[in-house]
Amino acid sequence: MATPLIEKLDLTKPAPAAEVGGVSRSAGSFSGALSNWFVHKLNRLSESREREVTVDRADALFNNDPHASSVIDSMATNIVGTGLMPQSAIPFQALGWDPETAKQLRDQQELAFSLWAAHCADARERMPFWMMQLLTIYCLLNHGEYFRQPIMIDDNSRLFSLALQSIHPLRVRTPDAKKEDKRIRDGIRMNTLGAPVEYFVANPDGSNTFSNSFSSLPLSKYSRIPAKVAHRPGMLHGFVAKSDEQIRGVSVLAPAMPFFRNLSDYLDYELIGAMAAASFSVFIATENKYEALPPPSSFRRSSNDDDADRSTQYREFAPGGVYYGNENEKPHILKSDRPSDTFAPFVERLLRAVGASVGMPYEVIAKDFSKTNYSSARAALLEAGRVFLGYQQYLIDGFCQPSWAMVQEEAYLRGMVTYPKGTDFYALRHLLTMCRWIPPRRGHVDPKKEIEAMILAKDNNIRTLARIIAEDGGDWEETLKQRGAERRMESEEGIVPAKDPAAARPDDEEGEST
Numbered sequence: 161m162a163t164p165l166i167e168k169l170d171l172t173k174p175a176p177a178a179e180v181g182g183v184s185r186s187a188g189s190f191s192g193a194l195s196n197w198f199v200h201k202l203n204r205l206s207e208s209r210e211r212e213v214t215v216d217r218a219d220a221l222f223n224n225d226p227h228a229s230s231v232i233d234s235m236a237t238n239i240v241g242t243g244l245m246p247q248s249a250i251p252f253q254a255l256g257w258d259p260e261t262a263k264q265l266r267d268q269q270e271l272a273f274s275l276w277a278a279h280c281a282d283a284r285e286r287m288p289f290w291m292m293q294l295l296t297i298y299c300l301l302n303h304g305e306y307f308r309q310p311i312m313i314d315d316n317s318r319l320f321s322l323a324l325q326s327i328h329p330l331r332v333r334t335p336d337a338k339k340e341d342k343r344i345r346d347g348i349r350m351n352t353l354g355a356p357v358e359y360f361v362a363n364p365d366g367s368n369t370f371s372n373s374f375s376s377l378p379l380s381k382y383s384r385i386p387a388k389v390a391h392r393p394g395m396l397h398g399f400v401a402k403s404d405e406q407i408r409g410v411s412v413l414a415p416a417m418p419f420f421r422n423l424s425d426y427l428d429y430e431l432i433g434a435m436a437a438a439s440f441s442v443f444i445a446t447e448n449k450y451e452a453l454p455p456p457s458s459f460r461r462s463s464n465d466d467d468a469d470r471s472t473q474y475r476e477f478a479p480g481g482v483y484y485g486n487e488n489e490k491p492h493i494l495k496s497d498r499p500s501d502t503f504a505p506f507v508e509r510l511l512r513a514v515g516a517s518v519g520m521p522y523e524v525i526a527k528d529f530s531k532t533n534y535s536s537a538r539a540a541l542l543e544a545g546r547v548f549l550g551y552q553q554y555l556i557d558g559f560c561q562p563s564w565a566m567v568q569e570e571a572y573l574r575g576m577v578t579y580p581k582g583t584d585f586y587a588l589r590h591l592l593t594m595c596r597w598i599p600p601r602r603g604h605v606d607p608k609k610e611i612e613a614m615i616l617a618k619d620n621n622i623r624t625l626a627r628i629i630a631e632d633g634g635d636w637e638e639t640l641k642q643r644g645a646e647r648r649m650e651s652e653e654g655i656v657p658a659k660d661p662a663a664a665r666p667d668d669e670e671g672e673s674t
């Protein structure tokens with residue numbers, strides 16, 4: 161009998177507590193510049209109110225602020241683009257299957273999913289699955305989280321019953337009748353371990369909007385969605401957790417939200433000031449307001465016409481204006497000195513700050529690559545690429561992979577995927593639904609340099625062809641099949657690849673020999 165690694169370990173006797181005091185840190189003091197720094201703590205009710213306000217403000221910024229919109233659009237486009245594509249990855253060796261059987265199953269699984277993704281994914285029947293991925297990442301970035309409810313639609317005209325219902329995060333909230341239930345936090349009932357048990361989803365009628373009107377809804381206007389239905393998810397709820405015991409997500413715009421708002425106002429005011437200065441309005445003073453004036457019919461008055469003595473008479477010219485003042489009024493010509501010389505660097509510095517808050521370089525947010533060379537541009541895109549990869553993995557684990565698993569289960573029940581005899585799908589479902597997700601093509605800063613580096617890495621067994629093609633958004637098996645077909649056709653047509661020494665300008669060589 162093997163000797164146990166840990167023998168007679170008594171975990172009931174605690175070690176004596178240390179009595180040595182720690183070192184004082186200025187970060188925890190209330191002196192000097194920190195004397196007025198008090199951190200506001202939230203309870204389970206106030207955190208819900210603050211989150212809803214944050215979502216409303218994030219929505220307003222995304223729809224009205226060009227830089228906030230650029231942040232979300234740039235991240236969503238690079239994370240999802242035209243969609244993450246699945247590749248079945250059944251571990252056939254662990255299951256004792258031969259490669260040919262595994263290949264047939266992979267083809268069946270991918271075909272079934274492609275049919276569902278194109279025709280049945282959206283419960284509202286408006287979007288294919290790749291667009292649902294894009295909408296989901298938009299929701300994750302803007303609102304901080306997403307909710308997708310898997311439902312089964314009983315319709316014989318559908319290839320699959322499974323569909324995903326999108327739910328706005330503001331609809332998931334604690335009903336007024338349940339606010340005293342301490343097991344419910346921000347619309348989610350938790351178990352003793354902190355795992356979600358069910359979600360409360362508000363169902364307002366047409367007179368209610370996403371605002372405080374939800375507070376008037378009775379409990380009967382809420383749907384209670386279970387977090388799990390047997391082994392299947394009852395609700396797909398995803399967010400990026402950045403603190404322990406966090407239960408709801410926070411918009412990526414939240415840390416720099418005051419910057420976005422103040423920068424937007426600053427740009428508006430600068431633009432209005434520049435427009436006023438560009439009009440080059442002229443004020444003309446007259447000693448006698450009845451002398452040397454244009455005909456009265458050509459004037460406009462800036463105040464009540466009945467008070468002719470105190471009104472300001474003016475004529476408009478495109479784009480400026482010439483003003484005729486009253487007696488004892490002096491002329492002033494507006495100075496055209498806006499914006500100042502510090503305007504551009506100041507705005508750039510603010511954009512770098514808001515970019516840092518979401519992990520994006522300035523070049524990606526401002527779409528400004530005028531100050532970059534190859535090295536700096538590649539460094540910026542590599543830094544952004546690491547952020548994109550993280551969000552892609554969040555999306556895969558929380559949304560794409562569960563969707564794939566549910567589709568494969570229904571495909572099995574409908575006979576669209578045939579497994580070897582004796583295979584227990586439900587006992588092996590975690591293995592049978594394994595999948596690899598291929599992100600969209602990233603592109604190259606300098607294609608020649610980067611492709612040469614890929615070839616060098618492959619030839620020296622540092623990287624595989626499958627990984628290189630996957631990073632380019634392709635399927636290595638499909639690529640090799642296509643290249644094989646192209647090579648055969650090239651051979652049939654007598655086309656020799658240019659890099660082949662035999663294709664080194666034979667006509668020229670014959671001409672030289674003659």
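So in the numbering used here, the last one in the sequence shown is 674, and the numbering has no gaps at all. Ideal placement from N, C-alpha and C gives every residue a C-beta, glycine not left out.
Asked, Found
"For GLU570 and PHE273, what's the separation of their Cα atoms in angstroms?", "10 Å"
"Could you have a look at CYS280 and say whether DSSP puts it in helix, strand or coil?", "coil"
"May I have the straight-line CA-CA distance separating ARG211 from ARG217, to the nearest angstrom?", "10 Å"
"Please identify the residue among HIS200, THR624 and ASP225 whose C-alpha is closest to the C-alpha of ASP428.", "ASP225"
"Run the CB neighbour count on ALA613, radius 10 Å, all protein chains shown included, and call it buried at 16 or more, exposed below.", "exposed"
"So, does the segment 229-244 touch the segment 319-329, judging by three or more C-beta pairs under 8 Å?", "no"
"Can you say whether LEU303 is buried or exposed, counting buried as having 16 or more other CB atoms within 10 angstroms of its CB?", "A quick correction: the sequence has His, not Leu, at residue 303. HIS303 should be labelled buried."
"For ARG343, count neighbouring Cβ atoms within 10 angstroms of its own Cβ and tell me buried if that reaches 16, exposed if not.", "exposed"
"Buried or exposed for HIS391, please, with buried defined as at least 16 other CB atoms from any protein chain shown within 10 angstroms of its CB.", "exposed"
"Since GLY409 and VAL400 are thought to touch, with beta carbons under 8 Å apart, how far apart are those beta carbons, to the nearest angstrom?", "6 Å"
"Would you call GLU305 buried or exposed, if buried means 16 or more other Cβ atoms sit within 10 Å of its Cβ?", "buried"
"Buried or exposed: which applies to ALA587, given that a residue is buried once 16 or more other Cβ atoms fall within 10 Å of its Cβ?", "exposed"
"Just tell me which of GLN568, VAL507, LYS608 and ALA362 has its CA closest to the CA of TYR426.", "VAL507"
"Return the CA-CA distance between GLY433 and ASP501, expressed in angstroms with no decimal places.", "15 Å"
"Ignore the nearest five residues each way along the sequence and tell me which others in GLY558's own chain have a CB closer than 7 Å to its CB.", "LEU396 and GLY398"
"May I ask you to list the residues that DSSP assigns as paired with PRO246?", "TRP597"
"LEU592 to CYS560, Cα distance in whole Å?", "16 Å"
"Considering LEU591, what are the terminal residues of the alpha helix (DSSP H) in which it resides?", "589-592"
"For the alpha helix (DSSP H) containing HIS303, list its first residue and its last residue.", "289-303"
"Tell me whether PRO607 sits in a helix, a strand or coil according to DSSP, three-state version.", "helix"
"Rounded C-beta distance between PHE677 and HIS227? I'm assuming under 8 Å.", "With the chain covering only 161 through 674, there is no way to say anything about residue 677."
"Is DSSP giving PHE273 helix, strand or coil here?", "helix"
"In the DSSP assignment, the beta strand (DSSP E) including LEU330 goes from what residue to what residue?", "That residue, LEU330, is in no beta strand (DSSP E); it is neither H nor E in DSSP."
"Which residue wins for smallest C-alpha separation from SER326, given the options ILE311, SER317, GLU340 and ALA236?", "ILE311"
"Quick one: using the 10 Å Cβ neighbour count with 16 as the cut-off for buried, is TYR534 buried or exposed?", "exposed"
"Given 8 Å as the limit, is there contact between the segment 195-208 and the segment 262-280, that is, 3 or more CB pairs closer than that?", "no"
"In angstroms, rounded to a whole number, what distance separates the CA positions of GLN553 and MET594?", "15 Å"
"Give me the Cβ distance between VAL412 and PRO329, rounded to the nearest whole Å; I'm assuming they're in contact under 8 Å.", "About 14 Å; that fails the 8 Å criterion."
"Looking at THR334: is its Cβ nearer than 8 Å to the Cβ of PHE374?", "no"
"By alpha-carbon positions, which one of ASN363, LEU379 and ALA355 ends up nearest to GLN406?", "ALA355"
"Please go through the segment 538-584 and give each complete beta strand (DSSP E) segment of 3 or more residues, from N-terminal end onward.", "none"
"If you draw a straight line from the alpha carbon of VAL547 to that of LEU300, how long is it in whole angstroms?", "14 Å"
"By the three-class DSSP mapping on this structure, what secondary structure does PRO386 have?", "strand"
"What does a CB cutoff of less than 6 Å around ALA565 pick up in its chain, not counting 5 residues either side in sequence?", "THR593"
"If you reduce the DSSP assignment to three classes, tell me which class ILE348 lands in.", "strand"
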